[in-house]
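Counting with the working numbering, you get residues 74 to 374 for the letters of the sequence shown.
Even glycine gets a Cβ: it sits at the ideal position worked out from N, Cα and C.
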Amino acid sequence: MTKKIFRSGTVALLGRPNVGKSTLMNNIIGVKVAIVTPKPQTTRHRILGIHTDDDMQMVFVDTPGIHKGSKQLNRNMVRVAYAAAEEADVLAIMQDVTTPLGSETKSLIEQFAKGNLEQPRIHVLNKVDKANKDKLLPRLLEMQKLDPEAKAYIPISARKGQQVEALLKELAKHLPEREPLYDADWFTDQSQRQLAAEYVREQVFMSMHDEIPFQTAVDIEQFTDLGHGKVEIEAVILVGNERHKPMLIGKGGEGMKNIGIRTREGLEELLDCKVNLKLWVKVDTGWFDKPAKLNELGLDG
Ligand SMILES: Nc1nc2c(ncn2[C@@H]2O[C@H](COP(=O)(O)OP(=O)(O)OP(=O)(O)O)[C@@H](O)[C@H]2O)c(=O)[nH]1
Ligand SMILES: [Mg+2]
Numbered sequence: 074m075t076k077k078i079f080r081s082g083t084v085a086l087l088g089r090p091n092v093g094k095s096t097l098m099n100n101i102i103g104v105k106v107a108i109v110t111p112k113p114q115t116t117r118h119r120i121l122g123i124h125t126d127d128d129m130q131m132v133f134v135d136t137p138g139i140h141k142g143s144k145q146l147n148r149n150m151v152r153v154a155y156a157a158a159e160e161a162d163v164l165a166i167m168q169d170v171t172t173p174l175g176s177e178t179k180s181l182i183e184q185f186a187k188g189n190l191e192q193p194r195i196h197v198l199n200k201v202d203k204a205n206k207d208k209l210l211p212r213l214l215e216m217q218k219l220d221p222e223a224k225a226y227i228p229i230s231a232r233k234g235q236q237v238e239a240l241l242k243e244l245a246k247h248l249p250e251r252e253p254l255y256d257a258d259w260f261t262d263q264s265q266r267q268l269a270a271e272y273v274r275e276q277v278f279m280s281m282h283d284e285i286p287f288q289t290a291v292d293i294e295q296f297t298d299l300g301h302g303k304v305e306i307e308a309v310i311l312v313g314n315e316r317h318k319p320m321l322i323g324k325g326g327e328g329m330k331n332i333g334i335r336t337r338e339g340l341e342e343l344l345d346c347k348v349n350l351k352l353w354v355k356v357d358t359g360w361f362d363k364p365a366k367l368n369e370l371g372l373d374g
């Protein structure tokens with residue numbers, strides 16, 4: 074009897090902020106392992122989403138969007154993305170086709186096409202559900218011109234799941250023959266504590282405007298399993314500016330209350346249990362430029 078071939082490896086999801094990297098990973102895994110918001114710079118860590126079936130295991134590495142920023146936090150985020158690219162077996166380079174091909178996206182693609190990384194590259198043209206169909210073919214041709222040696226150029230909708238199967242098929246071709254890297258029942262490398270912090274941060278991103286979300290972090294101080302299908306979570310929302318505290322708390326505490334309600338709903342679904350969530354706001358001026366604080370928050374890149 075011939076031995077069945079098993080393939081496994083890592084796929085780095087790379088691209089500018091807001092192109093849909095985390096949405097794609099969640100769609101493939103079927104669980105919200107990475108938070109998604111309409112704002113750029115949502116993802117700050119390297120997050121794994123593990124997809125296993127009978128003959129392959131694909132470990133997706135979601136990364137922060139590649140951008141320019143003056144804060145230490147931003148520089149660390151970009152470093153995380155490039156480090157993930159270096160370590161991956163396959164590079165999935167994503168772009169948003171609902172916006173014109175800007176100079177930053179172009180130079181990012183050229184950077185990978187002409188750089189010294191030798192892994193196979195797949196270009197993923199996302200958000201086709203909202204795209205002008207007439208512009209798709211010229212965009213695909215432009216990609217072929219910018220990176221003629223890429224293995225494939227695949228239009229998808231991560232949100233609607235369109236062409237995601239075709240993308241998975243293409244990615245699988247480039248995985249090495251190898252035993253699975255993780256147990257088949259694992260779907261992420263994040264702890265429940267880390268997921269809880271991210272779910273709170275998602276709601277801060279959703280409810281706050283201007284620079285506030287970008288200067289906010291979340292730290293879980295307590296995560297206690299109370300038994301009988303109940304957990305208690307105490308989270309601190311860290312703001313980088315004294316002014317942001319009252320804005321976050323809102324009139325009569327309304328702002329925090331809403332963040333709490335929405336986070337709890339999401340966490341109860343994720344953890345499949347009752348969640349008692351306590352939130353506090355703490356000011357740490359300019360935390361996003363303090364190496365020791367970034368280290369403590371796991372944001373040291
Ligand atoms: N219409 C449409 N919107 C999408 C699609 N994929 C993602 N989005 C939206 O695009 C926004 C950004 O999605 P994310 O998945 O957070 O993007 P990201 O690339 O992970 O962003 P960063 O973490 O900031 O780098 C969200 O509002 C998503 O709902 C898609 O296929 N179609
Ligand atoms: Mg993301």
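**Message:** Helix, strand or coil for G142? Go by DSSP, reduced to three states.
**Reply:** coil
**Item:** Contact under 8 Å by Cβ, Q114 with P364
**Value:** no
**Message:** So for S81, helix, strand or coil by DSSP?
**Reply:** strand
**Message:** Going by DSSP in three states, G122 sits in which element: helix, strand or coil?
**Reply:** strand
**Request:** My understanding is that N199 touches V170, with C-beta atoms under 8 Å, so please give their C-beta distance in whole angstroms.
**Result:** 7 Å
**Prompt:** Could you give the C-beta distance for I227 and L240, rounded to a whole number, given that I count them as a contact under 8 Å?
**Reply:** 5 Å
**Message:** Along the chain, where does the alpha helix (DSSP H) containing F278 start, and where does it finish?
**Reply:** 265 to 280
**Prompt:** Residues bridged to Y226 by DSSP?
**Reply:** H196
**Any non-hydrogen atom of ligand 2 closer than 7 Å to T289 Cβ** = no
**C-beta contact flag for K351 and E307 at 8 Å** = yes
**Message:** Is K94 close to ligand 2? I mean its beta-carbon at under 7 Å from any heavy atom of the ligand.
**Reply:** yes
**Item:** Own chain residues within Cβ distance below 6 Å of N349, not counting five before or after
**Value:** E305
**Q236, enclosing alpha helix (DSSP H) - first and last residue** = Premise fails: Q236 is in no alpha helix (DSSP H) and is neither H nor E.
**Request:** State the Cα-Cα distance for the pair A270 and T297, rounded to the nearest angstrom.
**Result:** 14 Å
**Request:** Name, in chain order, the residues that DSSP records as bridge partners for A290.
**Result:** L311
**Request:** Give me whichever residues DSSP pairs with N349 in a beta bridge.
**Result:** E305
**Request:** Entirely within the segment 153 to 190 and at least 3 residues each: give me those beta strand (DSSP E) ranges in chain order.
**Result:** 163 to 169
**Request:** Using only alpha-carbon positions, find the residue among T261, I108, P173, W360 that is nearest to F133.
**Result:** T261
**Message:** Short of 8 Å in beta carbon distance, which residues of its chain neighbour I229, apart from the five on each side in sequence? Order them along the chain.
**Reply:** L97, V197, L198, N199, V201, Q235, Q236, V237, A239, L240
**Asked** Is E160 buried or exposed, if buried means 16 or more other CB atoms sit within 10 Å of its CB?
**Response** exposed
**Whole-Å CB distance - L138 paired with R89, under 8 Å assumed** = The sequence given here has Gly at residue 138, not Leu. Right, the Cβ-Cβ distance comes to about 5 Å (below 8 Å), so this counts as a contact.
**Request:** Provide the residue span of the alpha helix (DSSP H) that contains Q217, from first to last.
**Result:** 209 to 219
**Item:** Enclosing alpha helix (DSSP H) for A257 [first to last residue]
**Value:** Unbroken run through A257: none, as it is neither H nor E.
**Prompt:** Is it the case that the CB of P211 approaches a heavy atom of ligand 1 more closely than 7 Å?
**Reply:** no
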